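Just below is one structure, and these are the notes that go with it.
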Amino acid sequence: MMRALHKSTLTLLILAFSNSVFAQTPCDADHRVLLTDYSFSPAELIIAPGETVAFINAEGTHNVNGIKNTVTGDSFNNPESFSLPESEGNINGYCMGVVTFTTAGVYNYDCSIGLQAELGMIGKITVDAFTIQDLLGQYVIPELFNSSYAFNAYLGPELDSTVAYTVFVPNDDAVDEIMEHMQLSQFDMLGFYDLKPALKYHIAKGVYMAKDLLDGQLLPTLYGQDLTISEVDGVFMVNDAEIISTDYTADNGVIHVINKTLAPTGLPKASVWDIIEQSEDHQILASAIQIAGFQEPLRQQAELDPNGSTASGNELPGPFTIFAPTDEAINFFSQKIGMTSDEFLNSPLIYDFINQHIVESRNLGSDITNGQILVNYGGDNLELTVNTDGLFVDNVKIVVEDILAYNGVVHVINAIIPIDIPDPAGNCDIWTVGMYDSDGDGWRETQLYIEVDGELISQQTLIFGSSSFYKFGVDSGAVVNLYSFSPWANVNSESYILFDGNNQEIASSGKNGRRAGNSLGIIACAETPDCGNINVTLLDRSGQDEGWGRGTLDVFINKDLYLSIPFYSGSEQSTSIPVNYGNVFDFYYTEGSFTAEYNSYIIYGPDGDILVDQDNDDQIPASVVDIKVCEDIKDIYSGYTNDNPAVYPNLYSENTDTRVFPNPATNQLTITSDIEISRVSIYDLFGKKMYDKPHQEMAIDVSSLAVGTYIVKAEKTTGFEFFTVSIIR
1 MMRALHKSTL TLLILAFSNS VFAQTPCDAD HRVLLTDYSF SPAELIIAPG
51 ETVAFINAEG THNVNGIKNT VTGDSFNNPE SFSLPESEGN INGYCMGVVT
101 FTTAGVYNYD CSIGLQAELG MIGKITVDAF TIQDLLGQYV IPELFNSSYA
151 FNAYLGPELD STVAYTVFVP NDDAVDEIME HMQLSQFDML GFYDLKPALK
201 YHIAKGVYMA KDLLDGQLLP TLYGQDLTIS EVDGVFMVND AEIISTDYTA
251 DNGVIHVINK TLAPTGLPKA SVWDIIEQSE DHQILASAIQ IAGFQEPLRQ
301 QAELDPNGST ASGNELPGPF TIFAPTDEAI NFFSQKIGMT SDEFLNSPLI
351 YDFINQHIVE SRNLGSDITN GQILVNYGGD NLELTVNTDG LFVDNVKIVV
401 EDILAYNGVV HVINAIIPID IPDPAGNCDI WTVGMYDSDG DGWRETQLYI
451 EVDGELISQQ TLIFGSSSFY KFGVDSGAVV NLYSFSPWAN VNSESYILFD
501 GNNQEIASSG KNGRRAGNSL GIIACAETPD CGNINVTLLD RSGQDEGWGR
551 GTLDVFINKD LYLSIPFYSG SEQSTSIPVN YGNVFDFYYT EGSFTAEYNS
601 YIIYGPDGDI LVDQDNDDQI PASVVDIKVC EDIKDIYSGY TNDNPAVYPN
651 LYSENTDTRV FPNPATNQLT ITSDIEISRV SIYDLFGKKM YDKPHQEMAI
701 DVSSLAVGTY IVKAEKTTGF EFFTVSIIR
């Protein structure tokens with residue numbers, strides 16, 4: 001409903017008090033309504049505030065009743081009541097009177113004579129003022145789309161009222177800047193819980209045209225705090241925003257366009273990340289947050305109304321309470337554990353450190369009670385203590401309380417909240433599991449279980465963001481299993497990669513949009529197998545992603561149990577198993593679900609060929625035994641000999657004068673020798689020649705060879721030498 005600028009008593013200008021006077025007086029007005037039997041013409045009329053309407057009786061006996069509905073007896077509830085007395089019409093038109101409508105709104109009326117109203121003699125006049133709400137709603141002011149929508153959405157009734165206002169409206173560039181800063185879309189911004197009071201701070205009471213603004217002037221706002229007008233080099237400012245265009249007028253006020261958004265004192269203006277990043281005493285903490293991948297989540301806004309969500313539909317993280325140790329505190333802790341601060345930042349401890357100091361809820365110092373427990377991002381309980389000495393978290397003193405942010409609060413502490421420092425040492429190496437999410441909003445409820453030699457050593461997840469890392473030590477020969485479990489059926493943004501101590505990828509799952517599964521039977525510091533690896537793929541064809549339940553596939557090598565492979569969830573799972581010369585494999589299936597007919601498995605050889613196919617529709621898979629993968633190299637190359645055909649002097653010699661490097665190779669292979677090499681041949685493990693050229697003492701291009709194990713034959717004047725080479729990517 002639109003209203004006029006000034007509300008005044010309805011003026012009824014009755015031009016005469018007798019028929020003779022009406023007949024002699026002109027019925028001049030801005031609009032006319034003609035009365036005939038059973039109708040007003042026009043029956044509906046839209047006018048502007050202050051305009052006049054003449055009512056002219058052309059036929060019959062009528063009155064104009066704008067007080068009470070003749071049919072129902074209820075009040076019309078018009079902005080102002082009005083009426084004209086009964087009169088007799090004539091062919092020349094009898095002027096009943098002229099009414100001036102000064103108050104905006106909808107006026108209903110009828111004729112109360114006889115059955116005129118019951119038979120449809122009713123009318124409506126809409127007095128429509130052009131208010132600030134109308135001006136914003138027409139989007140006629142350049143570059144104000146987002147602000148116009150927000151002001152009308154939150155403060156439409158105020159801007160459509162009879163009260164006079166001056167509105168300082170930020171342009172689209174200013175809104176884009178604040179949305180980027182807050183990591184909010186335009187729709188999430190509309191739900192920002194501080195938006196309405198912030199908008200009220202942009203509205204001054206009274207009308208101030210550009211010519212009325214003065215240097216040093218204070219303008220009271222709807223929020224209750226004053227805006228300060230200043231003049232800098234001939235340019236007028238409101239607070240720190242430049243007034244870039246002026247005097248867009250409406251009936252109830254004026255709009256000026258500014259190039260920044262305004263915020264009243266006390267209203268949170270920054271994220272918890274901004275507070276930490278801008279603090280000179282928290283630069284190490286800021287670096288740690290960036291390394292751990294928490295920067296973007298700590299800039300987001302979760303306190304939305306209604307509940308906010310990310311682009312992928314998940315709830316936004318936060319709000320946050322950050323217990324922020326100073327640089328001095330972190331340096332002291334680093335030295336205590338025998339590290340520099342840089343070494344600490346690049347250690348696996350950094351993730352536990354960050355998780356320990358973040359709580360996903362807003363906890364102001366004034367709201368904390370003695371003995372209160374908060375659960376941090378690491379899943380640990382933090383105990384709060386309040387006593388005469390101050391406020392403490394896990395016995396660490398909070399030295400500065402309540403640095404407010406729009407998405408939480410920061411408390412400064414003078415020490416590190418104690419964290420467990422595991423010993424990741426292993427005589428093989430320290431391995432790293434990288435957890436990734438392509439949507440950037442974490443793994444939600446997905447968990448990754450890390451098992452070494454049958455013992456669960458850790459349960460990890462990606463809390464939020466796009467990546468997180470966990471390091472652990474392994475001994476030579478240890479068997480590592482990774483189990484991924486998610487309660488969600490369609491998870492295609494989550495993946496993980498297992499790296500060894502040289503940052504080489506050992507195993508991965510969930511790449512290319514496929515659901516992350518399990519990686520089993522990974523042997524730490526295993527020697528390079530003679531024949532590469534076979535791939536054991538377990539499948540669930542039920543469509544329910546329920547795996548094999550309690551079912552397993554037991555893998556025996558040369559009649560000894562090598563690995564029992566479970567399949568707890570998902571539709572597909574792969575396990576890589578090394579193969580050496582002479583290995584004979586047995587695969588025993590154990591049924592463990594009510595839908596075993598949907599279970600199946602396929603065994604792929606080192607060259608990708610199918611060795612075992614138990615992928616049969618509606619049929620429980622069978623056990624398969626006596627599978628030979630590759631023969632001994634001496635059997636394959638029995639035709640190649642040196643001086644003595646009965647021996648292979650250089651095949652496994654540690655004192656050969658020939659060197660093949662790098663091994664494993666990627667795209668190039670180099671061969672050097674004290675004795676000239678005339679020719680080089682490369683064979684796969686089945687004796688197929690893959691390369692055969694004269695040797696030119698330069699790197700050999702092996703980029704065309706598939707990943708796997710190959711035999712290199714170096715032909716010299718003194719005979720032959722053979723070498724096993726692995727090709728990796």
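The sequence shown begins at 1 in my numbering and counts up one residue at a time. Every residue, glycine too, gets a C-beta built ideally from N, C-alpha and C. As the structure is a computational prediction, the values presented were derived from the model and not from experiment.
Span of the alpha helix (DSSP H), counted from its first residue to its last, around Gln335
As a working note, residue 335 is residue 335 in the sequence shown. From DSSP, the alpha helix (DSSP H) with Gln335 extends over 327-336.
Simplified DSSP assignment, three categories, for Gln459:
To locate residue 459, count along the sequence shown from 1; it is residue 459. DSSP places Gln459 in strand when its eight states are reduced to three.
Sequence-distant residues of the same chain with beta carbon closer than 7 Å to Asn655, five excluded per side:
Numbered from 1 along the sequence shown, position 655 holds the residue referred to as residue 655. At Asn655, the pLDDT of 44 sits below 50, so the modelled position is not reliable and the matter cannot be decided from this model.
Should Gln356 be labelled buried (16 or more other beta-carbon atoms within 10 Å of its own) or exposed?
By one-based count along the sequence shown, residue 356 stands at place 356. By the 10 Å Cβ count, Gln356 comes out buried.
Any beta strand (DSSP E) of 3 or more consecutive residues that is wholly inside the stretch 427-506:
429-437, 447-452, 455-460, 467-474, 479-485, 494-499
Who are the Cβ neighbours of Ala405 in its own chain at under 6 Å, not counting the five residues just before and after it?
What you label residue 405 is simply residue 405 of the sequence shown in a count that begins at 1. Taken in chain order, the residues that qualify are Pro268, Ala270, Ser271, Val272, Ile275.
Note down, one range per segment and in chain order, each beta strand (DSSP E) of at least 3 residues found wholly within the stretch 496-566.
505-509, 519-523, 533-540, 552-557, 560-566
Please report the distance separating the alpha-carbon of Gly73 from that of Glu44.
The count along the sequence shown starts at 1 and reaches residue 73 at position 73. The count along the sequence shown starts at 1 and reaches residue 44 at position 44. Going by the C-alpha atoms only, they are around 21 Å apart.
Quick test of your reading: Ile565 and Asn599, contact by CB under 8 Å. State the CB separation rounded to the nearest angstrom.
Start at 1 with the first residue of the sequence shown, and residue 565 comes out as number 565. Start at 1 with the first residue of the sequence shown, and residue 599 comes out as number 599. Contact doesn't hold; Cβ gap of about 12 Å is too wide.
Contacting residues, own chain, Cβ-Cβ under 8 Å from Ala329 (five flanking each side not counted):
As a first step, residue 329 is located in the sequence shown; it is residue number 329 there, counting from the start. Only Ile413, Asn414, Ala415, Ile416 meet the Cβ criterion.
Sort Leu482, Glu401, Tyr588 by Cα distance to Tyr568 and report the nearest one.
Along the sequence shown, read from residue 1 onward, the residue named residue 568 stands at position 568. Answer by Cα proximity: Leu482.
Extent of the continuous alpha helix (DSSP H) to which Leu155 belongs
Position 155 of the sequence shown, counted from the first residue, corresponds to residue 155. Element bounds for Leu155: 145-159.
Of the listed residues Lys200, Ser161, Tyr149, nearest to Asp172 (C-alpha basis)
Counted from its first residue, the sequence shown places residue 172 at position 172. Nearest C-alpha to Asp172: Tyr149.
Please classify Ala29: does DSSP put it in a helix, a strand, or coil?
By 1-based counting over the sequence shown, the position of residue 29 is 29. Note: Ala29 maps to coil in three-state DSSP.
How far does the beta strand (DSSP E) with Ala286 in it extend, from its first residue to its last?
Translated into positions along the sequence shown, residue 286 becomes position 286. Unbroken run through Ala286 is the alpha helix (DSSP H), 283-291; no beta strand (DSSP E).
Which residues bound the beta strand (DSSP E) around Asn381?
For the purposes of this step, residue 381 is taken as the residue at position 381 of the sequence shown. Asn381 -> beta strand (DSSP E) spans 381-387.
For Tyr351, the first and last residue of its enclosing alpha helix (DSSP H):
Locating residue 351 in the sequence shown gives position 351, counting from the first residue. Its alpha helix (DSSP H) spans residues 349-356.
Are the Cβ atoms of Asn370 and Val393 separated by less than 9 Å?
The residue labelled residue 370 in the question sits at position 370 within the sequence shown. The residue labelled residue 393 in the question sits at position 393 within the sequence shown. Taking 9 Å as the Cβ cut-off, Asn370 and Val393 do not qualify as a contacting pair.
Would you report the Cα separation of Pro220 and Asp226, rounded to the nearest angstrom?
By 1-based counting over the sequence shown, the position of residue 220 is 220. By 1-based counting over the sequence shown, the position of residue 226 is 226. Spanning the two alpha carbons is a distance of roughly 4 Å.
Give the secondary structure of Arg729 by DSSP, where H, G and I count as helix, E and B as strand, and everything else as coil.
Taking the sequence shown and counting its residues from 1, one reaches residue 729 at position 729. Note: Arg729 maps to coil in three-state DSSP.
C-alpha gap between Ala581 and Val629, whole angstroms
As a first step, residue 581 is located in the sequence shown; it is residue number 581 there, counting from the start. As a first step, residue 629 is located in the sequence shown; it is residue number 629 there, counting from the start. The identity of residue 581 in the sequence shown is Tyr, whereas the question assumes Ala. Looking at the two C-alpha atoms, the distance is approximately 8 Å.
By DSSP's criteria, Leu669 is part of a beta bridge. Which residues make up the other side?
Counted from its first residue, the sequence shown places residue 669 at position 669. Ile700.
CB of Ser438 within 9 Å of CB of Ser493, strictly
Counting from 1 along the sequence shown, the entry for residue 438 is found at position 438. Counting from 1 along the sequence shown, the entry for residue 493 is found at position 493. Yes; because the gap between Cβ atoms is below 9 Å, this pair is in contact.
Given Asp402, which residues of its chain have a CB within under 8 Å of its CB, disregarding the five upstream and five downstream residues?
Locating residue 402 in the sequence shown gives position 402, where the first residue counts as 1. Contacts found: Leu364, Gly365, Ser366, Val409, His411.
Cα-Cα, which of Ser726, Ser87, Lys124, Asn395 is closest to Ile46?
Translated into positions along the sequence shown, residue 46 becomes position 46. Of the listed residues, the one whose Cα sits closest to Ile46 is Lys124.
Sort out for me which residues DSSP pairs Gly390 with in a bridge.
Here the question's residue 390 lines up with position 390 in the sequence shown. Beta-bridge pairing links Gly390 to Asn387.
Own chain residues within Cβ distance below 6 Å of Met189, not counting five before or after
What you label residue 189 is simply residue 189 of the sequence shown in a count that begins at 1. Excluding residues within five positions, the ones whose Cβ falls inside 6 Å are Met179.
On the criterion of 16 or more Cβ atoms from any shown chain inside 10 Å, does Lys716 qualify as buried, or is it exposed?
Counting from 1 along the sequence shown, the entry for residue 716 is found at position 716. Flag for Lys716 reads buried.
Do Gly97 and Leu84 have their C-beta atoms within less than 9 Å of each other?
Counted from its first residue, the sequence shown places residue 97 at position 97. Counted from its first residue, the sequence shown places residue 84 at position 84. Yes.
Are Asn252 and Thr131 closer than 9 Å when you measure CB to CB?
For the purposes of this step, residue 252 is taken as residue 252 along the sequence shown, with counting starting at 1. For the purposes of this step, residue 131 is taken as residue 131 along the sequence shown, with counting starting at 1. Yes, the pair counts as a contact, with Cβ atoms nearer than the cut-off.
Look up Phe75 in the DSSP assignment and say whether it is helix, strand or coil.
Taking the sequence shown and counting its residues from 1, the one referred to as residue 75 is at position 75. Phe is not the amino acid found at residue 75; the sequence shown has Ser there. Reduced to three states, the DSSP call for Ser75 is strand.
Looking only at its own chain, which residues have a Cβ that is under 8 Å from the Cβ of Asp627, when we skip the five neighbours before and after it?
Taking the sequence shown and counting its residues from 1, the one referred to as residue 627 is at position 627. The residue you asked about is not Asp; residue 627 is Ile in the sequence shown. These residues qualify, in order along the chain: Val584, Phe585, Asp586, Phe587, Ile603, Leu611, Val612.
Check each candidate in Asp327, Val400, Val99 and name the one with the smallest Cα separation from Gly50.
Locating residue 50 in the sequence shown gives position 50, where the first residue counts as 1. Comparing Cα-Cα distances from Gly50 to each of Asp327, Val400, Val99, the minimum goes to Val99.
Kindly indicate which three-state DSSP category Met690 falls into: helix, strand or coil?
Residue 690 sits at position 690 when you count from the first residue of the sequence shown. In the structure shown, Met690 sits in a strand (DSSP, three-state: E or B).
Spatial distance of Leu298 from Tyr683 (CA atoms)
On the sequence shown, position 298 is the one that residue 298 refers to. On the sequence shown, position 683 is the one that residue 683 refers to. Between Leu298 and Tyr683, the C-alpha separation is close to 55 Å.
At the level of alpha carbons, what is the spacing between Val486 and Ala198?
Within the sequence shown, the letter at position 486 stands for residue 486. Within the sequence shown, the letter at position 198 stands for residue 198. With the sequence shown as reference, residue 486 is identified as Ser, and Val is not the correct amino acid for it. If you take the alpha carbons of Ser486 and Ala198, they lie about 41 Å apart.
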